[in-house]
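All residue numbers for the sequence shown refer to this note's numbering, where the first residue is 47 and numbers rise by one.
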Amino acid sequence: MQHLKKLFSLLLCLPVMLGIAACGRGQESSSEEIEKATPVEQTSDSEELLLEESSEIVSTFIPETTVERDSTLVVVFSATGTTKGIAEKIAAQTGADLYEITAFEPYTDEDRDYKNSDSRCAIEQNDPTIRPQIGSEPLSLDRYKTIYIGYPIWFGEEPRIMDTFVESYDFTGITVIPFCTSGSSGIGESGHNLAALAGSGNWLEGERFGADATDEEISAWVGAS
């Protein structure tokens with residue numbers, strides 16, 4: 047009878063023991079799943095190499111520096127070569143670079159027939175909105191501190207191609223000094239016209255020269271300007 051009681055008690059405890067064992071296995075399984083679901087952060091060799099290269103790029107970067115304005119330029123438009131001769135003398139005396147404005151459609155002798163009201167120059171000068179196309183290559187003014195701008199006087203004013211030029215560039219931070227050549231007319235309002243059209247730069251009073259201006263005359267003007 048006692049043996050039957052012990053066997054009966056054992057049978058009653060068996061489900062409880064099996065349940066405990068199952069819970070233990072479930073906890074172990076859950077822990078394994080959590081470990082598998084949470085990968086360990088590791089840095090691969092390729093990622094380390096990329097980080098090193100990025101550090102080198104940052105360490106070798108050099109900021110762009112502003113170009114210092116310390117040079118002089120002489121700009122000239124000269125249909126006959128007279129104004130260019132003066133410009134070359136100014137460039138030689140100041141050690142300046144020389145840039146010649148040329149027209150995309152060159153001016154012929156017939157174009158410059160001032161007695162003909164139907165000539166090209168007469169038509170252009172009578173219409174202040176005309177902007178003849180420039181044929182010479184564009185230039186950079188970044189390094190220039192001073193610019194002399196020369197041109198002939200046509201019908202008492204600057205040629206319209208000069209208007210094209212000054213409207214095409216930014217003269218901020220630059221001292222601009224106009225000069226002209228003519229048979230008898232003075233520089234008139236041409237320098238002021240160019241300054242207004244440019245809308246930038248420090249424009250000084252200009253000077254008129256004859257075709258036979260001497261080196262001494264030019265030198266005296268350059269020294270005073």
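For glycine and all other residues, C-beta sits at the position ideal for the given N, C-alpha and C. As the structure is a prediction and not an experimental result, all values here were calculated from the model.
Determine, using beta carbons only, whether residue i and residue j come nearer to each other than 8 Å.
i, j, result
"Arg237", "Gly252", "At residue 237 the sequence reads Gly, which differs from the Arg that was named. Yes."
"Tyr194", "Phe225", "yes"
"Tyr25", "Pro205", "As displayed, the chain neither begins before 47 nor continues past 271, which places residue 25 out of reach and without an answer."
"Ile207", "Ile169", "no"
"Thr118", "Thr140", "yes"
"Tyr160", "Phe201", "yes"
"Ile223", "Leu250", "yes"
"Ser165", "Asp157", "yes"
"Ile199", "Ser163", "no"
"Tyr215", "Leu243", "no"
"Thr129", "Val122", "yes"
"Glu134", "Leu144", "yes"
Please name the residue or residues paired with residue i in a DSSP beta bridge.
i, result
"Leu144", "Val120"
"Glu359", "There is no way to answer for residue 359, as the model of the chain reaches only from 47 to 271."
"Trp249", "Val222"
"Ala149", "Ile180"
Assuming residue i and residue j are in contact, meaning their beta carbons sit under 8 Å apart, how far apart are those beta carbons, in whole angstroms?
i, j, result
"Leu240", "Val212", "5 Å"
"Gly181", "Ala138", "Rounded, the Cβ-Cβ distance is 25 Å, inconsistent with contact."
"Glu203", "Gln179", "Actually they are not in contact, since the Cβ atoms of Glu203 and Gln179 sit about 19 Å apart, beyond 8 Å."
"Thr227", "Ile132", "6 Å"
"Arg254", "Asp209", "With a Cβ gap of about 19 Å, Arg254 and Asp209 do not count as contacting."
Where does the unbroken beta strand (DSSP E) through residue i begin, and where does it stop?
i, result
"Asp223", "It is Ile, not Asp, that sits at residue 223 in the sequence shown. Unbroken beta strand (DSSP E) run through Ile223: Thr221 to Thr227."
"Glu253", "Glu253 to Phe255"
Terminal residues of the continuous alpha helix (DSSP H) containing residue i?
i, result
"Ile195", "No alpha helix (DSSP H) contains Ile195, which is instead part of the beta strand (DSSP E) from Tyr190 to Pro198."
"Gly181", "Looking at the DSSP string, Gly181 is not in any alpha helix (DSSP H), and its letter there is neither H nor E."
"Ile169", "Arg166 to Gln171"
"Ile264", "Asp261 to Ala270"
"Ala125", "From DSSP, Ala125 is part of no alpha helix (DSSP H); its letter is neither H nor E."
"Asn239", "Ser236 to Ala244"
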